[in-house]
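Numbering (my numbering), first residue to last: 38 to 188. The structure under discussion appears below in the form of structure tokens.
Given below as structure tokens:
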């Protein structure tokens with residue numbers, strides 16, 4: 038007698054190789070049933086805030102890159118000057134992955150940035166925000182922005 042579909046081992050699913058199987062087994066997922074009952078640890082609200090006045094705290098904002106530069110000191114960091122679509126200036130700061138972000142932050146590019154908005158030295162900044170490249174200012178091409186994302 039054939040076993041029910043939900044008891045099929047995950048390695049029989051097309052596209053699941055040895056590496057993916059090991060990762061899933063590490064999370065306690067061995068069958069399709071385990072996969073169906075695996076729930077996210079938490080959710081992130083990536084809804085875009087329409088801001089007139091900026092406030093400190095978690096935020097997802099649509100911005101346009103104005104410039105980026107390397108700042109040297111005790112620790113090198115990449116600083117990117119961006120503007121929200123409402124015209125508010127914000128600085129994005131990256132301490133790690135500088136080479137990657139340096140080529141990702143092209144002037145005039147539209148991005149959705151998600152992270153903690155903080156006031157630093159009289160202006161707003163986000164340190165290591167999550168970035169999502171957009172095709173235009175109207176969220177075309179957004180995958181995670183504008184929705185609730187499971188983690």
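Backbone N, C-alpha and C fix where the C-beta goes; we use that ideal spot for every residue, glycine too.
Check                                                                                                                                                             : Outcome
In its own chain, which residues sit with a C-beta less than 8 Å from the C-beta of residue 135, not counting the 5 before and 5 after it?                        : 107, 113, 114 and 115
Alpha carbons only, please: which of 170, 185, 180 and 184 is nearest the one belonging to residue 100?                                                           : 170
How is residue 184 classed by DSSP in three states: helix, strand or coil?                                                                                        : coil
Any beta-carbon of chain C closer than 9 Å to the one on residue 76?                                                                                              : Annotation note: the requested chain C is absent from the structure, which comprises a single protein chain.
Roughly how many whole angstroms lie between the Cα atoms of residue 95 and residue 57?                                                                           : 32 Å
Measure the CB-CB distance between residue 150 and residue 127 and report whether it falls below 9 Å.                                                             : yes
Please report the straight-line C-alpha distance between residue 84 and residue 177, rounded to a whole angstrom.                                                 : 14 Å
Looking at the unbroken alpha helix (DSSP H) that takes in residue 136, where does it start and where does it end?                                                : 135-141
Hey, which unbroken runs of the alpha helix (DSSP H) at 4 residues or more fall wholly within the segment 53-93?                                                  : 55-63 and 69-73
Short of 8 Å in beta carbon distance, which residues of its chain neighbour residue 80, apart from the five on each side in sequence? Order them along the chain. : 185, 186, 187 and 188
Measuring alpha carbon to alpha carbon, tell me which of 156, 146 and 183 ends up nearest residue 173.                                                            : 146
Across which residues does DSSP place residue 147 in a beta bridge pair?                                                                                          : 101 and 171
I need the DSSP call for residue 118, collapsed to helix, strand or coil.                                                                                         : strand
Can you check which of these residues, 42, 144, 180 and 158, is closest to residue 72 by C-alpha distance?                                                        : 42
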